[in-house]
Amino acid sequence: MGSRLLGAAAPFLVVGALWELVAHAGAFPPRLFPTVEQVAATFIRLTASGILPHHAAETLLRLAVAFGIAALAGALIGIAMGRSRRVEGLLLPLVSIGAPVPGLAYAPLFLLWFGLGDAGSIVLVAFVSLFPVILNSWTGVKAVKEIWIRAAQTMGADERRLFRHVILPGALPYVLTGWRLGLAQAWRILVAVEMLAAVQWGLGWLIFGSREFLNTDVMLAGIAAIGAIGLALEKLVFQPLERYTVVRWGMIAS
Amino acid sequence: MIEVRDVTLDYDTPRGTVRAVEAASFSAKPAEFLCLVGPSGCGKTTLLNMIAGFFTPTRGEIRIDGQAVSGQGRDRGIVFQDFAQLFPWRTALGNVAFGLEMKGMARQEREAIAREQLRLVKLEDFAGAYPHHLSGGMQQRVAIARALAYNPRVLLMDEPFAALDALTRDEMQRLLAEVWRETRKTVVYVTHNVAEAVYLADRVIVMTPHPGRIKAEVTIRLPRPRDPLSVEFLEHQKELMRHLTRKEEAR
Amino acid sequence: MRALISIALFAALYEATARSGWFAPALVPTLPLVGARLYDMLADGSMAGHALSTLYRVFAGLALAAITGLVLGFLVARYRALERFLMPLVSALMPIPSLAWAPVFILWFGLGNVATILIVFYAACFPMLLNTWTGARAVNPLWLRAAGAMGAGGPALFWKVVVPGASPFIITGLRLAFQRAWIAVVGAEMLAASAFGLGWVIFDAKEFLNTDIMLSSLVVIGAIGLVFERLVFGTLEKTTVARWGMVRAAKA
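Protein chains in written order, with this note's numbering: chain A, 79 to 332; chain B, 664 to 914; chain C, 29 to 280.
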């Protein structure tokens with residue numbers, strides 16, 4: 079048990095040790111390359127004073143709102159596209175064109191149109207995470223096997239029942255995948271958007287703002303927080319989501 | 664030519680040591696077609712894998728032409744049951760030429776030989792096709808050509824036709840008999856299909872499971888080409904079935 | 029055909045909004061204006077200059093990431109000890125968006141190419157590493173056995189069986205790495221570039237409310253991304269894994 083823990087920690091210890099060596103060697107000015115203790119101390123200081131949690135909470139709130147919008151709207155649009163040829167014909171070209179554009183490219187535009195701060199950043203993140211959700215939901219509806227639809231129809235299902243009992247469950251794994259990808263996308267872009275959008279609070283702003291005063295230790299503490307949240311998202315949200323999808327996949331693949 | 668002497672294989676599982684093969688002994692003469700027959704779990708595939716050099720026996724030894732077997736080697740060609748054994752990124756020709764390429768042969772020479780091998784299995788027109796475009800039977804033919812191309816002394820085959828439909832299987836057995844007649848390799852062929860063994864083999868070795876042991880050796884003295892519907896053929900089949908189903912005497 | 033109609037409709041909608049007078053013309057320029065600006069920038073070579081700058085950074089970062097990802101991916105697949113050492117680090121670093129490192133890199137290396145390329149490298153590294161690793165492990169053991177029986181030694185086995193066998197995953201990894209790199213470069217240029225690059229252009233245009241420049245650059249960014257997706261990767265797939273019937277989906 080003890081050796082297992084040591085094994086898992088080993089890489090971090092090695093990296094930490096190397097970092098310490100470089101920091102102490104004096105090749106870089108100490109402000110630019112703080113030692114591990116300094117970063118840890120700053121991290122503790124910021125957390126204790128409530129500053130770091132505040133920033134983190136702001137970021138997470140924006141994430142929740144933006145992704146919430148994208149998840150709902152994206153699923154609805156994607157499903158509509160899957161159900162109706164007309165809607166698909168109308169929207170698919172637009173979605174296909176918009177999707178490969180890096181989300182951040184829209185940033186200054188959106189910020190100009192919707193203003194800096196919360197509004198602009200939320201709209202931007204929501205817009206960018208829309209695409210994976212739409213595409214996957216659309217694929218999901220289309221992937222529902224013809225055989226199942228025929229069988230249900232033979233057994234007397236009308237349009238409404240068909241949708242509720244066959245199409246929605248059938249498309250669900252894809253929708254979940256879309257949500258997973260959309261959330262990952264939103265997370266990746268949110269931090270950058272906060273840097274650009276000059277919001278008041280937020281982890282991205284914290285890191286970017288620290289540039290002014292060469293507070294590398296604050297930056298690294300912020301990055302550590304981002305990493306921790308990202309990891310938590312991964313373990314607590316993505317993986318259960320994926321496991322649920324995989325379970326469904328298994329049922330459907332059979 | 665092939666000497667299997669008192670070979671035993673044990674392997675470890677979470678539930679303890681399992682004996683896959685016990686004290687197996689037999690030999691194969693040059694250009695002889697030998698079949699290993701038995702139900703699942705009788706160790707026939709394990710035995711084949713040991714001859715191929717993928718596993719090492721726990722006890723006993725295996726010799727080919729007097730030399731002990733240690734690991735894989737180009738003196739033995741192998742054909743597996745799974746069609747996926749072909750390399751999907753190479754054409755049929757590319758697959759067949761692989762062994763020659765490993766030998767360091769020049770391109771023109773090895774392609775010429777590879778084409779010759781494909782002609783032998785009647786696939787010369789498909790030299791440029793990729794495996795996923797070929798049917799199961801065709802893929803197995805390419806696999807056979809590939810195993811023969813670099814002229815191994817021994818050909819090892821592990822239920823190569825088991826995954827094919829009955830009609831294709833019959834066709835493939837006839838083709839294999841022809842190929843063997845032309846190339847005169849020593850063949851060790853594993854199958855659970857008794858009729859197949861009678862059709863192809865000079866000698867059949869019957870194995871029983873738990874642990875895998877050699878039960879009997881039956882010589883098939885029928886002239887070739889063999890007629891699966893003849894009385895003599897069925898007699899041999901019945902004899903083999905008797906060996907397979909007879910209860911074990913008390914040890 | 030349908031696609032054109034839909035785009036035309038959307039364009040018309042935009043145009044109507046632009047001309048409606050609800051928004052300042054500087055904020056929502058009409059399409060002819062955007063077109064004219066795009067044409068100007070293409071004609072005087074400034075757009076080309078920026079695009080080349082961006083492409084240079086993407087490819088530099090991508091090349092570094094590809095080499096690192098491929099080498100590490102194969103090594104990790106081969107040596108369990110390395111896997112145990114490296115993967116916890118990878119899992120810890122992966123959830124951090126590449127742009128979060130931008131301020132740190134800027135402090136360390138200043139604005140300009142180095143910081144930008146490093147950000148791209150960081151973003152593209154992970155998909156490359158993970159997909160190569162998965163691909164190497166996914167090589168069918170049957171191929172390794174057959175090749176071994178035919179006398180393939182260490183290097184031959186690696187180059188002639190493992191690499192082609194892992195190619196579907198490697199190509200997917202490359203594709204994902206490019207997508208990430210493209211996203212990262214635009215953001216990185218907004219934050220870390222000093223004077224050139226498509227991302228920088230967009231960011232800079234914000235200062236003077238040059239929405240027409242912004243939109244022009246957006247068009248170019250989108251076009252380049254699309255071209256690479258379809259043309260480069262599509263062709264790569266078609267000539268290799270699609271031709272071999274090995275097309276497989278790898279996780280995003």
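No residue lacks a Cβ here, since even glycine has one placed at the ideal position from N, Cα and C. Since the model is a prediction, treat every value here as computed from it, not as a measurement.
8 angstroms contact criterion, which residue i and residue j should meet: CB distance rounded
| i | j | result |
| --- | --- | --- |
| residue 697 of chain B | residue 711 of chain B | Contact flag wrong, Cβ pair sits at about 11 angstroms. |
| residue 672 of chain B | residue 709 of chain B | 6 angstroms |
| residue 203 of chain A | residue 222 of chain A | Not really, about 30 angstroms apart at Cβ, beyond 8 angstroms. |
| residue 855 of chain B | residue 902 of chain B | Actually they do not touch by this definition, with Cβ atoms about 17 angstroms apart. |
| residue 282 of chain A | residue 270 of chain A | 7 angstroms |
| residue 126 of chain C | residue 212 of chain C | 5 angstroms |
| residue 873 of chain B | residue 704 of chain B | 6 angstroms |
| residue 770 of chain B | residue 784 of chain B | So it is not a contact: roughly 21 angstroms between Cβ atoms. |
| residue 305 of chain A | residue 123 of chain C | 6 angstroms |
| residue 350 of chain C | residue 240 of chain C | An answer regarding residue 350 of chain C cannot be provided, because it is not within the stretch 29 to 280 covered by chain C. |
Inter-residue Cα distance where the pair is residue i and residue j
| i | j | result |
| --- | --- | --- |
| residue 846 of chain B | residue 775 of chain B | 17 angstroms |
| residue 713 of chain B | residue 852 of chain B | 13 angstroms |
| residue 172 of chain A | residue 205 of chain A | 13 angstroms |
| residue 909 of chain B | residue 898 of chain B | 16 angstroms |
| residue 837 of chain B | residue 891 of chain B | 11 angstroms |
| residue 213 of chain A | residue 157 of chain A | 9 angstroms |
| residue 318 of chain A | residue 217 of chain C | 35 angstroms |
| residue 277 of chain A | residue 147 of chain A | 20 angstroms |
| residue 33 of chain C | residue 46 of chain C | 20 angstroms |
| residue 761 of chain B | residue 176 of chain C | 11 angstroms |
| residue 727 of chain B | residue 114 of chain C | 45 angstroms |
| residue 82 of chain C | residue 226 of chain C | 6 angstroms |
| residue 97 of chain A | residue 289 of chain A | 21 angstroms |
| residue 151 of chain A | residue 100 of chain A | 49 angstroms |
| residue 211 of chain A | residue 252 of chain A | 9 angstroms |
| residue 198 of chain C | residue 159 of chain C | 6 angstroms |
| residue 162 of chain A | residue 239 of chain A | 17 angstroms |
| residue 278 of chain C | residue 778 of chain B | Confidence at residue 278 of chain C is low in this model, with a pLDDT of 38, below 50, so the placement of that residue should be treated as unreliable; the coordinate-derived value is given next. One C-alpha to the other measures close to 36 angstroms. |
| residue 145 of chain C | residue 210 of chain C | 11 angstroms |
| residue 134 of chain A | residue 183 of chain A | 25 angstroms |
Own chain residues within Cβ distance below 6 angstroms of residue i, not counting five before or after
| i | result |
| --- | --- |
| residue 116 of chain A | 295 |
| residue 799 of chain B | 746 and 827 |
| residue 105 of chain C | 161, 164 and 165 |
| residue 198 of chain A | 188, 189, 192 and 275 |
| residue 669 of chain B | 686, 688 and 723 |
| residue 831 of chain B | 800 |
Residue i: contacting residues in chain D (beta-carbon distance under 7 angstroms)
| i | result |
| --- | --- |
| residue 170 of chain C | The chain labelled as chain D is not found among the protein chains of the depicted structure, namely A, B and C. |
Short CB-CB distance (under 8 angstroms) between residue i and chain B
| i | result |
| --- | --- |
| residue 192 of chain C | yes |
| residue 173 of chain C | yes |
| residue 271 of chain C | yes |
| residue 164 of chain C | no |
Interface residues of chain A facing residue i [CB-CB closer than 8 angstroms]
| i | result |
| --- | --- |
| residue 13 of chain C | Nothing in the structure corresponds to residue 13 of chain C, since chain C is present only between 29 and 280. |
| residue 14 of chain C | Any answer about residue 14 of chain C is impossible in this case: the structure gives chain C only from 29 up to 280. |
Contacts of residue i in chain C (Cβ-Cβ under 7 angstroms)
| i | result |
| --- | --- |
| residue 288 of chain A | 131 |
| residue 689 of chain B | Within chain C, no residue comes near residue 689 of chain B; the closest Cβ sits about 22 angstroms away, beyond 7 angstroms. |
is_contact[residue i, chain C] using C-beta, thresh 8 angstroms
| i | result |
| --- | --- |
| residue 735 of chain B | yes |
| residue 186 of chain A | yes |
| residue 217 of chain A | no |
| residue 793 of chain B | yes |
Closer than 9 angstroms at the beta carbon, the chain A residues around residue i
| i | result |
| --- | --- |
| residue 43 of chain C | Near residue 43 of chain C there are no residues of chain A at all, since even the closest Cβ is about 15 angstroms away, more than 9 angstroms. |
Proximal chain A residues relative to residue i, where beta-carbon distance stays under 7 angstroms
| i | result |
| --- | --- |
| residue 38 of chain C | 172 |
| residue 136 of chain C | 110 |
| residue 124 of chain C | 301, 304, 305 and 308 |
| residue 214 of chain C | 180, 182 and 183 |
Residue i at chain A interface by Cβ criterion, 8 angstroms
| i | result |
| --- | --- |
| residue 34 of chain C | yes |
| residue 142 of chain C | no |
| residue 228 of chain C | no |
| residue 89 of chain C | no |
Contact list for residue i against chain B, beta-carbon separation under 8 angstroms
| i | result |
| --- | --- |
| residue 167 of chain C | Those do not exist, as residue 167 of chain C stays about 11 angstroms from chain B at its closest Cβ, beyond 8 angstroms. |
7 angstroms CB neighbourhood of residue i in its chain, flanking five on each side removed
| i | result |
| --- | --- |
| residue 862 of chain B | 836, 889 and 891 |
| residue 322 of chain A | 254 |
| residue 748 of chain B | 806 |
| residue 113 of chain A | 98, 101 and 102 |
Partner residues on chain C for residue i, Cβ-Cβ distance less than 9 angstroms
| i | result |
| --- | --- |
| residue 265 of chain A | 123 and 125 |
| residue 201 of chain A | Residues of chain C passing the Cβ test: none, with the nearest at roughly 15 angstroms. |
| residue 813 of chain B | 178 and 179 |
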